[in-house]
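First up is the structure itself, then whatever we jot down about it.
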Amino acid sequence: MIEAPPRKQSANGLKRIVIIDDHPVVVEGWGRIIRQRIPCEIVGAATALEGWRAWRAARPDLMVVDLTLGDHRIAGIKLIDRLRMLDRDLPILVFTMHRSPILARRALHAGANGVINKDSPSDEILTALTEVLAGGNYVEGRLATQIALMNLPGRRGNAANLTAREEEILGLIAEGLSYREIADRACISYKTVSNVSLVLRDKLGASSLGELVVKGIRYFDGG
Numbered sequence: 349m350i351e352a353p354p355r356k357q358s359a360n361g362l363k364r365i366v367i368i369d370d371h372p373v374v375v376e377g378w379g380r381i382i383r384q385r386i387p388c389e390i391v392g393a394a395t396a397l398e399g400w401r402a403w404r405a406a407r408p409d410l411m412v413v414d415l416t417l418g419d420h421r422i423a424g425i426k427l428i429d430r431l432r433m434l435d436r437d438l439p440i441l442v443f444t445m446h447r448s449p450i451l452a453r454r455a456l457h458a459g460a461n462g463v464i465n466k467d468s469p470s471d472e473i474l475t476a477l478t479e480v481l482a483g484g485n486y487v488e489g490r491l492a493t494q495i496a497l498m499n500l501p502g503r504r505g506n507a508a509n510l511t512a513r514e515e516e517i518l519g520l521i522a523e524g525l526s527y528r529e530i531a532d533r534a535c536i537s538y539k540t541v542s543n544v545s546l547v548l549r550d551k552l553g554a555s556s557l558g559e560l561v562v563k564g565i566r567y568f569d570g571g
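Numbering (this note's numbering), first residue to last: 349 to 571.
Encoded structure:
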């Protein structure tokens, strides 16, 4: 088993922050925002593997992780899960363009300390960064409400029986992706997507794919 290297102390007293996103302009923009309030060194990474190597090399004070890296929708979640197994105290903030409460909840269950949308106001981004860096938690307001609603007894009736795989595929269907696109994103076969879709129709009472899309949107909106 790989052991976590000891956390390094910066010689200049700056915080070390690793930002993992496959768009350099996003890393640059977030770096400028962070430096408004936090004296820090920014390390950018474009893939989950680069992020892992950056964590090993820098032992940062904070990891900022996008959920979707390249064509893989949940690469960030898998990275968070791996990091958390080896570093229980590492502050991790998820930033994402997805507004799906199920993905946010999965990230939190994997070990993220906070979740915020990429296009949030700068003040809210800085608040989230400060809270998580200090050892706290932060979830963007609307997402926090949706996650709370998801946990209410009887909120969705038989939809509460969905497995993690079914929820993941339902979320992709709700986004309007084709079965082939879903198969590529989730790294599963087209046949598996088709079979799960049939199960979802039965569980959610949808008579067609179009109706399943509508029910999926309502599912993730807490309706």
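Glycine included, every Cβ here is placed at the ideal spot set by N, Cα and C. Values in this document were obtained by computation on a predicted structure and should not be read as measured data.
Query                                                                                                                           : Result
Cβ neighbours of alanine 396 in the same chain (closer than 6 Å, five flanking residues each side left out)                     : Leu417, Ala423 and Leu427
Beta-carbon gap between threonine 444 and asparagine 465 smaller than 8 Å                                                       : yes
Rounded separation between histidine 446 and glutamate 488 - CA only                                                            : 12 Å
Heavy atom of the ligand FAD within 7 Å of tryptophan 400 beta-carbon                                                           : With respect to the ligand FAD, the structure offers nothing, as it holds no ligand at all.
C-alpha gap between glycine 392 and serine 555, whole angstroms                                                                 : 46 Å
Buried versus exposed, by CB contacts within 10 Å (16 or more), glycine 505                                                     : The predicted model places glycine 505 with a pLDDT of 45, which falls under 50 and marks its position as unreliable; any figure quoted below should be read in that light. Answer is exposed; the Cβ neighbour count stays below 16.
contact_flag[the segment 401 to 409, the segment 370 to 384] where n(CB pairs < 8 Å) is 3 or more                               : no
Residues near aspartate 369 in its chain [Cβ-Cβ closer than 6 Å; skip 5 each side]                                              : Val375 and Asp414
N- and C-terminal bounds of the beta strand (DSSP E) containing isoleucine 440                                                  : 440 to 444
Inter-residue spacing [alpha-carbon to alpha-carbon] between glycine 502 and glycine 564                                        : Legend: pLDDT at glycine 502 = 48, less than 50; position of this residue unreliable, no value from coordinates given.
Range covered by the beta strand (DSSP E) that runs through glycine 462                                                         : 462 to 465
Proximity of valine 477 and isoleucine 382 at Cβ, strictly below 8 Å                                                            : It is leucine, not valine, that sits at residue 477 in the sequence shown. Contact: yes.
Cut-off 6 Å between Cβ atoms - residues of its own chain near glycine 459, not counting five sequence neighbours on either side : Ile428 and Arg432
Pairwise C-alpha distance: isoleucine 473 and arginine 385                                                                      : 11 Å
7 Å Cβ shell around arginine 566 - same chain, five flanking residues per side excluded                                         : none
Which listed residue (Arg380, Pro372, Pro387 and Val480) has its alpha carbon closest to that of lysine 363                     : Pro387
Burial state of alanine 507 (16 or more Cβ within 10 Å)                                                                         : Because the pLDDT of alanine 507 is 45, which lies under 50, any placement of that residue in the model is unreliable, and the question is left without a value.
Span of the alpha helix (DSSP H) around leucine 520                                                                             : 512 to 522
Close-in-space but distant-in-sequence residues of the same chain around valine 480 (CB under 8 Å, 5 per side omitted)          : Leu410, Pro439, Ile440, Leu441, Asn461, Gly462 and Tyr486
Nearest-angstrom beta carbon gap, alanine 522 and valine 623 [assumed within contact, 8 Å]                                      : The structure shown does not extend to residue 623, since the chain is modelled only from 349 to 571, so the question has no answer here.
Endpoints, the beta strand (DSSP E) within which glycine 459 is located                                                         : Looking at the DSSP string, glycine 459 is not in any beta strand (DSSP E), and its letter there is neither H nor E.
For leucine 415, the first and last residue of its enclosing beta strand (DSSP E)                                               : Premise fails: leucine 415 is in no beta strand (DSSP E) and is neither H nor E.
Assumed close pair arginine 454, isoleucine 425 - CB separation to whole angstroms, cut-off 8 Å                                 : 6 Å
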